[in-house]
Amino acid sequence: MATDYKSTLNLPQTDFPMKADLVTREPQMLARWEAMKLYETLQDARRDAPLFVLHDGPPYANGNVHIGTALNKILKDVVVKAASMAGHRAPYVPGWDCHGLPIELKVQKELEKSREQLTSAQMRDRCRKYAEHFVDLQRKQFKRLGVFGDWERPYLTMSPDYEAAIVATFFDMWHQGYIYRDTKPVYWCVTCRTALAAATAEAEYADHKSTSVYVKFPVKSKPGNFVIIWTTTPWTLPANLAIAVHPEFDYVWARVGNETWLVAEALLPVVAQKAGVANYEVISKHKGRELEANNGNGVVARHPFIERDSPVVLATYVTLDTGTGCVHTAPGHGLEDHDTGRRYGLPTLSPVDDSGVLTADAGIFANQHVFKANRPIVEHLKQIGALVAEEEIAHSYPHCWRCKNPIIFRATEQWFINVDHKNLRDKALHEIEKVQWVPAWGFNRIQGMIEERPDWCISRQRDWGVPIPVIKCEACGFVFEEKQYTDQLVALVAREGVDAWFKRSANDLLAGVQCPRCKRPTEFHKAADILDVWFESGVSHRAVLRLRPELKYPADLYLEGSDQHRGWFQSALWTALATEGHAPFKAVVTHGFLMDLETKKKVSKSYGKPQDSDVYVNRFGADVLRLWTISEDYRNDVPLSEEIIERVAGTYRKIRNTFRFLLGNLNDFDPAKDAVPPAKLEELDRWALSRLQGLIKTCHEAYASYEFHRVYHSVNQFCTADLSSFYLDILKDRLYTLGKFSHERRSSQTVMHTMAAALAKLLAPAVPFTADEVWQCLRPGGGREALDSVHLALLPNHDDHLFDGELEARWERLQTLRQVVAVELEKARAKGTIGKSLEASVTLGGGDAETKAMLKYFEPQLPALLIVSQVAIELDRGESFSVKVAPALGQKCARCWRWEPSVGQHTGHPAICSRCVSVVETLEKLN
RNA sequence: GGGCGUGUAGCUCAGUUGGUUAGAGCAGCCGCUUGAUAAGCGGCAGGUCACUGGUUCGAGCCCAGUCACGCCCA
């Protein structure tokens, strides 16, 4: 029995496992939360608390949850959980974007395989099924990430109430005059036969080889004079209606052989070289503005192969980078060209049909496909002697984001939102000043975009979406715009969804209505286009914030990737400004994009890095993935690599072990009965408590300012530097070897208990599974702490009374001393004088007055604080501080492992020190 | 090509209004421990602060340019 002193120690003991095994344990926690209806319970518990609404931007209901989407969702969840724990009622209604081309194309492909022929209503039905499938799949994956929300009642852009809100918003803006129909060049994919939104990610730029040509346009009634233009799209030449020059640039008439050419002075040598002309002579020089056709002496050219004038016009977008300084202008095939054409009253000629075939207006090139027409056109130019030069150039050219084919500009009838109507743009610019942008440069970014953006093209020529709900009378052309009709349509959509629009005839849609103008029983006609899906998601402020009683308008926060400055933030802003008069968000937080650390490029399939969130969840667990998310400063791009996540997993283990140690040593501690009041705490414990206040403060600020990486780093720092290597290391001796009920031990346990509870709460928004697992083991006793989940708790508050700067400063000096001593101990270890530090006796001497005072102050505690067996202090050793390390005196106590002269002096317990003897004797008396 | 950003040790982050030898944790290397043990402790070694040039007595911080990367647009 004399040797079994180990059983007399208070060693840590806990059911909290060291190995997290998150992949199997997290689903169990999810089941527990589900069973206790945690989200609902939390909402109910905060029902009278101030409301905080983060409004979810809907991900697209297609495919698995991408790791980038997981990043976004986790950030949102951290915000929501932190808000809730800061005392808010923070409901989270997740949503999905369900309509749109990607789903329609996927379904179409499936149909092609099975060779099915479906009506558009049947087609829409398939699309709906498809979207529903992925909503279910993604919902599971999002829940698995530990994201709290109203998952059973998410918002879907394809649900009738949402669709009704879309239609209602359209009508609202239509009535106010924001919406117009016009012929305008838009990006057009000839393969998908649809317009693409320029303001969204529907056009991708990629390198493309084009035939560029220099073409002579004869000057009207001046034989031998030519204006030289340059273009990379010869197929648009049939649509040429003008030639643009810059008003401020210098242009010259140059004699080339027996001809006279007009080009920009700066580009003449280049043009001559391309044309293979060695000799030329400048005849006269003019400012661009002097050449303008409607100016008395202006220049009017003739189209080289169509009987038509091509006047010289002015435009400031003309550059001298390439070409001739004389820009081929086809208002039907370019946005800038269209603007110019409009200024000069030119028509919008666009002789190209839906599938990219040139029409009769293209003259002899009719019936040719645009991408195949280049060659014949160039050949024709050559034949008629209009071709100056030809060359292949590689340049960046827009491609369809979906089918990857090159796209064209084509003028079509489209619906637009006039962003300048009723000073909407100015209002937008004013409104964004009132919004809090995080990071702050988000303001500059969106401001620039709002200033520059053209009118918003909101129509698409597709099936899977919400129709542009406009009906007119076939007979007399009357358009049913009045509120009585549109209200009827909105009510219908609210009842049946927009499927009604596709399934019913126009007359049926306006059941019981007669054309008020012609008053004849006649056929009505419904518009064929559908709305841009950005319009749909944009109006979520109306469909969700306004419709859901638990939410509010405007939202406190929108949080998305920085691409949404042009996407959702704007589509929400424009529609909200037009219908509500102000922005739908008070603050906007943006995050960067995932980057592949190895390649320094964005994460993409081609580099073989896994894309699916589930891959990471099933390998590391959601909490590690979440911890990684908050470890990064997401305001910049976020690097992703094996190493990075492994590092974070290491931090996770450190934090977890810290919890395990705390819990293990709290095994016999009941805070209700055993807690030591603050005033009676040991100084070391007061220090730890004071440090905790600093951590609490930092975390509060970090959560409030959305700087989650500061939570990660400060908690990590605290666990490693303050706790693990200092506080807890020193504590081991007193926790293990002193009497169970000793004041010192209870004092430390009191602080450790506070510490564990505080850390669990501080970390709950970040690692919800682990924090709650700790919470269950901690069983914080009594009162409001007796909550079933840490997520029902509030964040700990920084307590000024527990913070003691003076004390911290004093202990910082001690820590410096500790480092100096550690270096000397290491030297002794290297020499073989000692092994562990308890085998050492340390002599400290000399130093400045401050050091001496510090030594004197800490003297009685120094062996414990330095974790050595003896410390001798020799203050009279002069100004220079010295540390000497020698083998400890006495013998090693078999129980507490300190070296003590008292070991061997007690007859009953010859193997242990006097301090341990008294503890053991007390135990013996109890037994 | 344009707009908005980013670039500090192998990794993630700190670096106060420009002011001494640029900090931390992790990883690395070398030890100790075996009573937090697929743990714990200590020590050591890592940086031309992307590059170039300015302003200044002094620049990681200010200015200009270059390069790389990202988002958005052409």
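Numbered according to this note's numbering, the first sequence terminates at residue 1315, and the numbering increases by one at each position without gaps. All residues carry an ideal CB built from backbone N, CA and C; glycine is no exception.
What's the gap between the Cα of residue i and the Cα of residue j?
i       : j       : result
GLY1346 : HIS787  : What is shown of the chain runs 389 to 1315, which leaves residue 1346 out entirely.
PRO794  : ILE491  : 21 Å
THR588  : TYR448  : For THR588, the predicted model reports a pLDDT of 43, less than 50, meaning its position is unreliable; a value from the coordinates is still stated below. The straight-line gap from Cα to Cα measures roughly 14 Å.
TYR480  : HIS443  : 7 Å
ASP465  : VAL740  : 49 Å
PRO611  : LYS604  : 12 Å
GLU636  : GLY733  : 22 Å
ASP1000 : PRO573  : 38 Å
PHE558  : ASN895  : 21 Å
MET837  : HIS1141 : 52 Å
THR747  : PHE753  : 8 Å
GLU821  : LEU489  : 34 Å
LEU897  : LEU877  : 7 Å
CYS861  : PHE440  : 48 Å
TRP1319 : PRO735  : There is no way to answer for residue 1319, as the model of the chain reaches only from 389 to 1315.
LEU1205 : THR429  : 51 Å
SER1093 : TYR705  : 42 Å
LEU1263 : GLN1207 : 19 Å
ASP1058 : GLY830  : 50 Å
VAL633  : VAL670  : 18 Å
TRP922  : GLU540  : 24 Å
ARG1048 : THR402  : 7 Å
GLU1200 : ALA1216 : 25 Å
LEU1180 : ARG413  : 20 Å
HIS954  : ALA703  : Looking at the sequence shown, residue 954 is not His but Arg. Those two C-alpha atoms are separated by around 27 Å.
ALA433  : SER1290 : 59 Å
LYS608  : GLU695  : 11 Å
LEU880  : PHE866  : 21 Å
Exposed or buried, what is residue i when buried is set at 16 or more other beta-carbons lying within 10 Å of its beta-carbon?
i       : result
TRP623  : buried
LYS810  : exposed
ASP1160 : buried
ASN1024 : exposed
TYR1115 : buried
LEU919  : buried
LYS461  : buried
LEU1083 : buried
CYS791  : exposed
MET424  : exposed
Rounded C-beta distance between residue i and residue j? I'm assuming under 8 Å.
i       : j       : result
LEU985  : SER1029 : 4 Å
GLY456  : PHE981  : 7 Å
PHE1269 : GLY1234 : 5 Å
SER598  : TRP618  : So it is not a contact: roughly 12 Å between Cβ atoms.
MET1143 : LEU1080 : 6 Å
ARG1134 : ARG1122 : Actually they are not in contact, since the Cβ atoms of ARG1134 and ARG1122 sit about 10 Å apart, beyond 8 Å.
Does the distance between the C-beta of residue i and the nearest non-hydrogen atom of the ligand SAH fall short of 7 Å?
i      : result
ASP920 : Although the ligand SAH was asked about, the structure shown includes no ligands whatsoever.
| said: Count Cβ pairs between the stretch 1066 to 1085 and the stretch 1002 to 1011 that sit closer than 8 Å; are there 3 or more? | reply: Judged by Cβ distances under 8 Å, the stretch 1066 to 1085 makes no contact with the stretch 1002 to 1011, as fewer than three pairs qualify.
| said: Using 8 Å as the cut-off, can you tell me whether the stretch 1176 to 1196 makes contact with the stretch 1137 to 1150, which would need three or more C-beta pairs spanning the two stretches below that distance? | reply: Touching, yes, given that three or more Cβ pairs across the two stretches are closer than 8 Å.
| request: Give a yes or no on contact between the stretch 472 to 479 and the stretch 511 to 529, applying the rule of three or more CB pairs nearer than 8 Å. | output: They do not touch, by the three-pair rule.
| said: Measuring CB atoms only, is the stretch 925 to 939 touching the stretch 494 to 504, in the sense that at least three cross pairs come out at less than 8 Å? | reply: They do not touch, by the three-pair rule.
| What are the complete beta strand (DSSP E) segments, minimum 3 residues, inside the stretch 836 to 871? | You should have 859 to 861.
| task | At 3 residues or longer, and completely inside the stretch 995 to 1060: list those beta strand (DSSP E) runs for me, N to C. | result | Listed in chain order, the beta strand (DSSP E) runs fully inside the stretch 995 to 1060 are 1026 to 1028, counting runs of at least 3 residues.
| field | Complete beta strand (DSSP E) runs within the stretch 641 to 699 (minimum length 3 residues, chain order) | value | Counting only runs of 3+ residues, the beta strand (DSSP E) found wholly inside the stretch 641 to 699 occupies 647 to 652, 669 to 675, 688 to 690, in chain order.
| request: Could I get the ranges of all uninterrupted alpha helix (DSSP H) runs contained in the stretch 425 to 473, with 4 residues as the minimum, in chain order? | output: Taking only runs of at least 4 residues, the alpha helix (DSSP H) segments lying wholly in the stretch 425 to 473 are 426 to 433, 455 to 473.
| task | State whether the stretch 642 to 651 contacts the stretch 663 to 676, with contact taken as three or more CB pairs (one from each stretch) at a distance under 8 Å. | result | Yes, they touch.
| said: My parser needs the beta strand (DSSP E) runs of 3 or more residues fully inside the stretch 1205 to 1242; what are they? | reply: If only complete runs of 3 or more residues are kept, the stretch 1205 to 1242 shows the beta strand (DSSP E) at 1228 to 1233, in order along the chain.
| field | Validate contact between the stretch 844 to 852 and the stretch 815 to 829 using beta carbons, cut 8 Å, 3 pairs | value | Cβ pair count under 8 Å is below three, so no.
| message | Count Cβ pairs between the stretch 1124 to 1132 and the stretch 397 to 407 that sit closer than 8 Å; are there 3 or more? | response | The count of Cβ pairs closer than 8 Å, one atom from the stretch 1124 to 1132 and one from the stretch 397 to 407, reaches three, so the stretches are in contact.
| request: Counting only runs of 4+ residues fully inside the stretch 772 to 831, write out the alpha helix (DSSP H) ranges in chain order. | output: Whole alpha helix (DSSP H) segments, 4+ residues: 812 to 819.
| message | My parser needs the alpha helix (DSSP H) runs of 4 or more residues fully inside the stretch 476 to 540; what are they? | response | Counting only runs of 4 or more, we get 489 to 502, 508 to 532.
| task | Would you list, in sequence order, the uninterrupted alpha helix (DSSP H) runs of no fewer than 4 residues that lie entirely inside the stretch 927 to 968? | result | Annotation note: the stretch 927 to 968 contains the following uninterrupted alpha helix (DSSP H) runs of length 4 or greater, listed N- to C-terminal: 956 to 967.
| request: Within the stretch 1094 to 1152, note down every full alpha helix (DSSP H) run reaching 4 residues or more, in order along the chain. | output: Counting only runs that start and end inside the stretch 1094 to 1152, the alpha helix (DSSP H) elements of at least 4 residues fall at 1096 to 1105, 1116 to 1125, 1131 to 1151.
| message | With a threshold of 8 Å, are at least 3 pairs of Cβ atoms found where one atom belongs to the stretch 1277 to 1290 and the other to the stretch 1095 to 1113? | response | Between the stretch 1277 to 1290 and the stretch 1095 to 1113, the count of Cβ pairs shorter than 8 Å is below three; the stretches do not touch.
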